[in-house]
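Number 296 marks the last residue of the sequence shown (my numbering); no jumps.
The structure appears below as structure tokens.
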Amino acid sequence: MYTNITDSETGNNQGSSCQLVHYLDKENRVFPEMEKQMWFNGSEDDIESYKVRTALDGNIRRLCKGDSKFFLVNISPSQKEIGFLVSEYGEDEAKECLKDYAVRMMDEYARNFKRPGIESNENLLWFGKLEHFRYYGFRDAEVKSGQVKAGSLKPGSNWHLQLIVSRKDITNSVKLSPMNKSRGKNAEHSLKLGQFDRTTFKMTGEKVFDEMFGFERGLQESFEYANVQKNGNIEQKLYLQKNIGHTVEPSKFDIDLKLDNLLEDMLKEEYQEGLGDIFRKKRKRGHENDQGLSL
2 MYTNITDSET
12 GNNQGSSCQL
22 VHYLDKENRV
32 FPEMEKQMWF
42 NGSEDDIESY
52 KVRTALDGNI
62 RRLCKGDSKF
72 FLVNISPSQK
82 EIGFLVSEYG
92 EDEAKECLKD
102 YAVRMMDEYA
112 RNFKRPGIES
122 NENLLWFGKL
132 EHFRYYGFRD
142 AEVKSGQVKA
152 GSLKPGSNWH
162 LQLIVSRKDI
172 TNSVKLSPMN
182 KSRGKNAEHS
192 LKLGQFDRTT
202 FKMTGEKVFD
212 EMFGFERGLQ
222 ESFEYANVQK
232 NGNIEQKLYL
242 QKNIGHTVEP
252 SKFDIDLKLD
262 NLLEDMLKEE
272 YQEGLGDIFR
282 KKRKRGHEND
292 QGLSL
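Structure follows, in structure tokens:
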């Protein structure tokens with residue numbers, strides 16, 4: 002599971018959301034023969050794009066011209082995780098699984114701020130879009146070597162979620178920034194923007210997915226394993242190698258996570274490629290199934 006939070010995939014989040022919303026509608030334009038993918042959130046499944054733009058652009062009270070107005074959360078399951086969902090629930094229901102998972106992840110996004118009154122996805126203004134494809138970019142080795150052209154579709158199952166979340170909460174009164182790096186060290190700053198820990202949020206993604214769908218994640222597929230391989234000492238790495246296939250002690254992975262973008266460094270596409278009993282049937286999404294998962 003690869004999770005990332007950015008300012009905007011289009012490179013600008015200080016103005017209108019129009020450009021980003023239009024960009025994320027690209028599959029509906031490029032593949033008109035496919036079922037149209039509507040926007041969704043914790044309570045609706047068929048939100049029109051103009052409603053997304055209007056809601057986001059109208060939720061910016063007391064934000065200055067140069068302030069971020071929204072953020073983009075990208076959630077990309079591995080091909081193994083996608084294959085598991087399809088085998089368990091079928092293709093159509095697997096897509097609903099991912100949408101339900103997005104709601105749960107936005108619950109975690111809200112709780113990660115550690116702010117009174119910001120406790121679930123219902124306290125946020127956010128909209129999600131399920132996408133099916135990934136495309137080769139100019140930075141990809143295959144493009145640089147001339148094997149494929151930039152813009153070509155990447156092979157395999159590449160379903161992923163794009164979630165736009167407003168800088169302000171649903172009441173348009175509280176500022177929330179996942180880019181805040183204080184993690185509570187600066188009390189005054191954290192009081193204004195929350196204590197969001199991006200590393201914790203990304204780690205939570207595995208736990209939420211595994212517990213929702215009964216996915217058995219091998220040690221080598223876990224964040225802990227990737228973390229130790231990158232930042233652990235010799236003793237920890239040897240311990241991992243010795244215990245592959247066995248239960249390990251969480252204390253062995255007690256490593257200081259100093260970099261906010263640690264997952265981006267570790268969980269590249271090679272990790273994604275290497276890579277169920279609980280599923281809510283398709284219905285109007287609500288918050289009654291919240292189980293308060295937090296790390």
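Ideal Cβ positions, reconstructed from N, Cα and C, are used throughout, including at glycine.
For residue i, three-class secondary structure by DSSP
{"i": "asparagine 75", "result": "strand"}
{"i": "tyrosine 51", "result": "helix"}
{"i": "tyrosine 1", "result": "The requested residue 1 is not part of the displayed model; the chain covers only 2 to 296."}
{"i": "histidine 23", "result": "helix"}
{"i": "phenylalanine 114", "result": "coil"}
{"i": "isoleucine 6", "result": "strand"}
{"i": "isoleucine 235", "result": "helix"}
{"i": "isoleucine 61", "result": "coil"}
{"i": "phenylalanine 32", "result": "coil"}
{"i": "phenylalanine 214", "result": "helix"}
{"i": "phenylalanine 41", "result": "strand"}
Beta-carbon contacts of residue i that lie in its chain and below 7 Å, excluding the five residues immediately before and after
{"i": "asparagine 60", "result": "Leu126, Ser167, Lys169, Asn173"}
{"i": "alanine 111", "result": "Ile119, Glu120, Ser121, Asn122, Asn124, Leu125"}
{"i": "alanine 151", "result": "Tyr137, Gly138, Phe139, Val144"}
{"i": "valine 87", "result": "Ala95"}
{"i": "phenylalanine 114", "result": "Leu177, Gly195, Gln196, Phe197"}
{"i": "serine 153", "result": "Tyr136, Tyr137"}
Close-in-space but distant-in-sequence residues of the same chain around residue i (CB under 8 Å, 5 per side omitted)
{"i": "glycine 84", "result": "Ser158"}
{"i": "serine 18", "result": "Val53, Arg54, Leu57, Asp58, Lys70, Phe71, Ile165"}
{"i": "lysine 66", "result": "Gln15"}
{"i": "leucine 64", "result": "Lys70, Arg168, Lys169, Lys176"}
Cβ-based burial, residue i [other Cβ within 10 Å; buried from 16]
{"i": "leucine 241", "result": "buried"}
{"i": "phenylalanine 32", "result": "exposed"}
{"i": "serine 79", "result": "buried"}
{"i": "arginine 62", "result": "exposed"}
{"i": "lysine 203", "result": "buried"}
{"i": "arginine 30", "result": "exposed"}
Proximity of residue i and residue j at Cβ, strictly below 8 Å
{"i": "lysine 100", "j": "leucine 131", "result": "yes"}
{"i": "glutamate 49", "j": "glutamine 38", "result": "no"}
{"i": "asparagine 14", "j": "glycine 129", "result": "no"}
{"i": "arginine 105", "j": "methionine 213", "result": "yes"}
{"i": "methionine 35", "j": "glutamate 207", "result": "no"}
{"i": "serine 77", "j": "histidine 133", "result": "no"}
{"i": "glutamate 92", "j": "phenylalanine 210", "result": "no"}
6 Å CB neighbourhood of residue i in its chain, flanking five on each side removed
{"i": "glycine 219", "result": "none"}
{"i": "leucine 260", "result": "Confidence at leucine 260 is low in this model, with a pLDDT of 36, below 50, so the placement of that residue is unreliable and no value is reported for it."}
Which ranges does the alpha helix (DSSP H) cover as unbroken runs of at least 4 residues, wholly within the segment 122-189, from first to last along the chain?
With a minimum length of 4 residues, the continuous alpha helix (DSSP H) runs that stay inside the segment 122-189 are 142-145.
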